[in-house]
Each structure stands twice: as C-alpha cells, then as structure tokens.
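Residue numbers (the working numbering), protein chains in the order written: chain A, 1 to 143; chain B, 1001 to 1499.
Note that the Cβ used here is the ideal one computed from N, Cα and C, for glycine as well.
It should be emphasised that the depicted structure is a prediction, and the values quoted were computed from it without experimental measurement.
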Amino acid sequence: MRSIILRTGARYICALMLVFSVYMLLRGHNEPGGGFIGGLIGGTAFALYAIGCSVAEARRALRVLPQNVAVAGLGIALLAGLMAGLDGDAFFEGQWLFLGGEVPGTYSKGALPLSSVLVFDIGVYLVVFGSVATLVFAMEEEI
Amino acid sequence: MSWLLAAPLIAPFLTAVAAFLLRFTPLGHWVSVGGMALQLVAAGALMAVVLDQGVVAAQMGGWPAPFGITLVADRLSAVMVVITAITGLAVAVYALGDVTRRMEELGYHALFNILIGGVTGAFLTGDLFNLYVWFEVMLISSFGLLILGGRPEQIDGAIKYVTLNLVSTILFLSGIGLLYGMTGTLNMADLAVRVPEVADQPLVTVVAMLFMVAFGVKAAVFPLFFWLPASYHTPAFAVSAVFAGLLTKVGVYALIRMFTLVFTGDVAFTHTVLLWVAGLTMVTGVLGAAAQMEVRRILSFHIVSQIGYMILGLALMTPLAIAGAVFYLVHHIIVKANLFLIAGVIDQAAGSNELKRIGGLYKAAPLLGLLFLIPAFSLAGFPPLSGFWAKYVLIAAALEVEAWVIAGIALVTGLLTIYSMTKIWGEAFWPAHPAGIEPSLSAIPRARRLSLMLPIAALAGLTLLIGFLPGPFVAFAEASAAELLDPSGYVAAVLGRAP
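See the structure below:
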C-alpha cells in the first residue's frame, strides 16, 4: 500500500531530516548530538523515503551502496586516528586547527576550531548511516 | 610506543576497508593476504620490543591511565598477537582456494579482517570495558561469517552461537557495572591495585564468578560449551578454522588475565571451581568427540576438551602450571586451526566430511595423510610433537602439587584423543572410498591446491619446530608465567608508577 500523502510528504521530510542530521553531527562536540545520533537520523530519513516511495527509488537517490558508505565511514574514522601520527602524537590524540580569531593559531574569541575529532565523528556518522540504510533496505526488500 | 601497540590493530581494520571496497574485483583477496602479512610484521615488531623491554603500555589518544584506554602488551599478549597474525595469514592464503566468489562479494574478507582486528584488540587492551567492546566486534563479525552463504543449518548454528554469546555478554556487562561500582575504575592495572582494597571481599568473589561464567561461555568450558559443537561445523572451512583456532582462546586469555591480575583475593575458592571445571571440560569434550562421526564435529568437541587443559594450568596457579597453560595456548591454536584446514581439503578431495561416506585418502594423497598425522598426533600428545611438551608441562605441574586425580584425568583424556584421531584416520584415510570412487587431490586446479596446501604445510612445520625445539618456547612460557604471577611490572608499566 503506497499512500500518496506519505509519498509526497516523504520527499520533503527526508530532505529536512538530512539537513537536521548534519546539524546534529556538527553541534555534537559540545552539546547533545554527534555522529552516532546524526547517522541514526540520516539513516531514518532514507528509511522513510524507502517506505514512502520504494526501496529501488531510495537506492537510486543514495547513488552508492549503503554498505560501502558504512565501510568508508570506518576508514574515515580510522584516518582521524592516524592523523595524530603526522604530529608525532599518540594514536587517536585529537589534532586541532584554529582558523582566524583574535590570536591566530590558538583557541581565542572568534576562531573556527577544526579538529580530527570532527573527522572521527563524520566517520561514525557514515558508519551508522550506512548500517541503518543497509538493514532497512534489506528488510523492506524481503517484505 | 603508542604506534607500535596500535599497529597490529590498524593493519586489519585498514585492510578490511580496502578489501570491502574492492570486493567485486579479483584484488580483494590479495588485499586480505597482504593485510595479514602486514599484521604479522607489526606483531613481530611488538614481540621484539616486548622481549627486549618487558611490559610495554601506551595510552590511546594521549589520555593518561586510568582514565583513557590503555593498550598494553606483556609476553602473553605479545605471543597471542603473533599467533593470531600467523593463523590469520595462514587462513587468508587458504581462503584463496576455499572461499567462493559469492562469499567474497558479500564481504567475506572485510569480516575476516575485522574479526582478526577484534581478536588482536582483546589481547592488547588494558581496559575492561574496552575488552567488552572487542568482544562485541568479534561477535558481530563472527556472526556475519557464520551466516555467509545462508544455508539453513548455518542459520541454525549461528542462532545458537549468538544467543549463548549474548547471555555471556550480559553477564560480562553486569560484572563490569558491579566492579565499577565497587572500585570506580575499569583499567585492569588499576583494578589490580584497588580490588584488594575493597572492604566487601565476598562481594568481589561473587563478581569474580560472574566474570568466570561470562568468559567461560566464550572459552566453551563445561557446562557452557553447547554453542560450540552446534555451530562450528556449518560455515566455510576457512571460517571454522579461524574460529577454532582463535575465538575460544580469547575467552581463555581473558580468564587467565583476570584471574591472575585482578581476582586473586580468594584463590582457594575461585581456582578450585576452575579446577573442577577443567576436569569436567576435558572429560565431556573428549567423550562427546568419541560419539561423533563427522570430521568437523569431532574436532569441535576436541576444542572443548583441550580448553580444559588450559584452564587446568590456570586453576593450579603455580609458575609451572601457568607456563604450561601459555605453552598450551600457542600449541593448540596452531594445531587446531590446521586440523580444520585439513578437514576442508578432505571435503574438497573426497566430497564430504561424514566419515561413513569418505575413504581412500591415504592412497590418493599420502602427503595429506602425513600432514594430517602431524597435528593429529600433536593434539593427542605424541612425543616429540608440540602437544607432548604442552601436556608434559601441565601434568608435571599437577603432580608437583600432588593433584593426582586431575593429572589422571589429563592423561586419560590424551589417550581418548588418540581414539578420535585414529577414527578419522581409520575411516577417511585408510579404507577404500565407500562409493567406489578414487578421491584425488590433482582434480583440484594447481593454483588452488597450492593455496590450500601451503598454509597446512606451514602450520605443520611450526608444530614440528615447537616439538623438536621446545626449549626456547618453554623458557618463554616460564618468563610469561613469572610476569603473570607477579603483576607489579604490568601495573607499573600501565600506571607509570610502582603499585
């Protein structure tokens, strides 16, 4: 049974949820959120799309295999750990880059902090996103 | 130091990612072999440093112990990582000739590498919660490997496997929670300092029993081993070889680690329980094997009975006994993985693993017969193979503390092991094939035959090496036992100060 309301709504809600999932990912360092919950929300967006339209359409919209997304995420998370090696620090030690701000190069007012922790979180996001999408697509196709 | 300890973990996970993304190309399985070779190099480097400097530890992410996650390698951890890498490399080569294209496309190599990474992580971690995480990594990837192919009996075995292992997980997690509530730490070295200071020692013993049951399920000891013979005969041969070699041994390792480092407050009680468990595990395992008529089922029950020997070493808790347990672990992983690999060749050559339906292998493939006899006799404890020395050290340790009964059980179990091994020999190798066909190895294409036989020959060579040159290995095991029984070096290396 494909409801036309769900079908129409799914497109917009899916887009909104994806934006929200990225928002959750980015705010996660200091506030509630992060890669895991962001990935769940992103995965749910595609689950909704698959239920509202069809799995085939959802797969087309995703373009790549969801399991590849998950494994690529694992690779990115690992790269975040390896980044510490460039500086001679311990495996997985956080690496920070502060752009701009009052005192360039350190944590100060107005600086944009970029970190390997964020890269790790992006990896987690992709792992969770890919796993959820893989599971949901597989189950929807079974039914 | 941080990178030295992390390298054996980084290698398999990077390989898993690469192998998965390349799974539709013929490159996938070569990536897996290359990754395992890299892992072996990393493990070897770690071993060299441990032999040189003693216990080494590093704090991941630069967060100091006991707050961050510690990776730590003493002699036991280092040798387990090396042996994991050796088994992993052997099975990765074997998989070239055993794992089907379809399984590769479903991600066999990625799952295999993640499993090896999980096992390595469990051996290296110095943090109890992190150990739980590695157990989960192993459980998820091994479940994936078990059901790969999707035959009904595989699903059946996998459900039993996962259900019982989840029970173990819950107990493990409850134990972790209670221990954290009592001590406020989960760093193993810190626990070694704080657990003796807990006022309520009987409660510590209760928690110790929770851990014993949780790890006991993983190690497949009596009476918690049912999942093992129910599932190990179902997946691909390469998969069951790596399971048989490594998975239960992680449980044994965790038992040895926790019951020499942390739970040593009431040895008279906990280690007596372990002694009973050891005896019953040996006997039930070997009797179960005697009743089976399928190669991998026989071997599965023998895993159980052999686990008993290792637990025996831990239960006696003398320097010689612990050395015996360490020696047994190393010997057993090589021999057991090898026997499962040979079971795979038997299946390919003779068409089945049911003893009643095969035969004639000795005439068709005398080399395979010889390569079977080496690990089989080693398992049973024939001199001068590695199993003889392992059993010799353990039984000598039992006699030393005048534990006559358990020494007797260990000897009888060895005798009954010979019965099962000669059964395989007497049914699969010696008589003619019941269907009248001549099994032949040369029917297997040359390249595939090579990738099947090479790891078997290499592992058999290792068994012979340990058998003919036991001196350095026993000396290493004794040094390892000394480290385990006096954890001050371990604690100092992790916490950076004297305990």
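Item	Value
To the nearest angstrom, how far is it from the Cα of MET17 (chain A) to the Cα of ARG2 (chain A)?	21 Å
Looking at chain A, which residues of the region 1041-1066 of chain B have a Cβ within less than 7 Å of any of its Cβ atoms?	ALA1058, GLN1059, MET1060, GLY1061 and GLY1062
What does a CB cutoff of less than 7 Å around ALA1158 (chain B) pick up in its chain, not counting 5 residues either side in sequence?	PHE1143, LEU1146, ILE1147 and SER1231
Using a C-beta to C-beta distance shorter than 9 Å, which residues of chain B count as neighbours of GLU141 (chain A)?	Simply none; closest approach about 15 Å.
State the DSSP-derived secondary structure class of ASN1187 (chain B), mapped to helix, strand or coil.	strand
Pairing CB atoms from the region 1358-1369 of chain B with CB atoms from the region 1257-1277 of chain B, are three or more of them under 8 Å?	no
Tell whether a beta-carbon distance below 7 Å holds between VAL1050 (chain B) and ALA1078 (chain B).	yes
Check whether the Cβ of SER1142 (chain B) lies closer than 7 Å to any Cβ atom in chain A.	no
Give the single residue among B:VAL1239, B:VAL1295 and B:PHE1211 whose Cα lies nearest to the Cα of MET1103 (chain B).	B:VAL1239
Using the C-alpha atoms, what's the distance from ILE1303 (chain B) back to PHE1087 (chain B)?	What sits at residue 1087 (chain B) in the sequence shown is Thr, not Phe. Going by the C-alpha atoms only, they are around 16 Å apart.
Which residue comes first and which comes last in the alpha helix (DSSP H) that contains LEU69 (chain A)?	Sequence inspection shows Val at residue 69 (chain A); the Leu mentioned does not correspond to that position. From DSSP, the alpha helix (DSSP H) with VAL69 (chain A) extends over 66-82.
Under a three-way DSSP split, which group does LEU1171 (chain B) fall into?	helix
Between ARG27 (chain A) and GLY1251 (chain B), what straight-line distance do the alpha-carbon atoms span, to the nearest angstrom?	40 Å
Please tell me whether PRO1499 (chain B) has its Cβ less than 7 Å away from any Cβ of chain A.	The predicted model places PRO1499 (chain B) with a pLDDT of 49, which falls under 50 and marks its position as unreliable; any figure quoted below should be read in that light. Output row for PRO1499 (chain B): interface = no.
Measuring alpha carbon to alpha carbon, tell me which residue in A:ILE51, A:GLY35 and A:ASN30 is nearest ILE13 (chain A).	A:ILE51
What are the residues of the region 89-115 of chain A that lie near chain B, defined by any Cβ-Cβ distance shorter than 9 Å?	ASP89, ALA90, PHE91, PHE92, GLU93 and GLY94
Closest to LEU118 (chain A) by CA distance: which of A:ASN30, A:ILE5, A:THR8 and A:ILE4 is it?	A:ASN30
What in chain B is Cβ-close to LEU86 (chain A), meaning under 7 Å?	Within chain B, no residue comes near LEU86 (chain A); the closest Cβ sits about 12 Å away, beyond 7 Å.
Taking 7 Å as the cut-off, decide whether the C-beta atoms of VAL1286 (chain B) and SER1305 (chain B) are in contact.	yes
Is VAL22 (chain A) close to chain B, meaning its C-beta is less than 7 Å from at least one C-beta of that chain?	no
What are the start and end residues of each continuous alpha helix (DSSP H) run of 4 or more residues lying completely inside the region 1247-1318 of chain B, in chain order?	1248-1261, 1267-1290 and 1295-1316
Since PHE1112 (chain B) and LEU74 (chain A) should fall inside the 8 Å C-beta cutoff, what is the C-beta to C-beta distance between them, to a whole number of angstroms?	Not a contact, Cβ separation roughly 15 Å.
Just to confirm, is the Cβ distance from THR1248 (chain B) to ILE1176 (chain B) under 7 Å?	no
Does any CB atom of chain B fall closer than 7 Å to the CB of LEU74 (chain A)?	yes
In the region 1198-1254 of chain B, which residue ranges form an unbroken beta strand (DSSP E) of at least 3 residues, counting only runs that do not cross its ends?	none
The alpha helix (DSSP H) spanning PHE1129 (chain B) covers which residue range?	1128-1147
Let me see if you follow: with CB-CB separation under 7 Å, is PRO1012 (chain B) close to chain A or not?	no
Give me the subset of the region 46-80 of chain A whose CB atoms are less than 8 Å from a CB atom of chain B, sorted by chain position.	GLN67, ASN68, VAL71, ALA72, LEU74, GLY75 and LEU78
What are the boundary residues of the alpha helix (DSSP H) that TRP96 (chain A) is part of?	That residue, TRP96 (chain A), is in no alpha helix (DSSP H); its beta strand (DSSP E) goes 96-99.
Who are the neighbours of ALA1110 (chain B) on chain A, taking C-beta pairs under 8 Å?	VAL71
Pairs of beta-carbons, one from the region 1205-1219 of chain B and one from the region 1165-1175 of chain B, closer than 8 Å: are there three or more?	yes
Which residue wins for smallest C-alpha separation from VAL1335 (chain B), given the options B:GLY1360, B:LEU1314 and B:LEU1373?	B:LEU1373
What in chain A is Cβ-close to TRP1134 (chain B), meaning under 8 Å?	Result: empty, since nearest Cβ-Cβ is about 15 Å, beyond 8 Å.
Kindly say whether VAL1017 (chain B), judged by its beta-carbon, lies nearer than 7 Å to any beta-carbon of chain D.	In the structure shown, chain D cannot be found, because the protein chains are A and B.
Hey, ALA1092 (chain B) and SER1002 (chain B): beta-carbon distance below 7 Å or not?	no
Scan the region 1021-1038 of chain B for residues whose Cβ lies nearer than 9 Å to a Cβ of chain A and list them as they occur along the chain.	LEU1021
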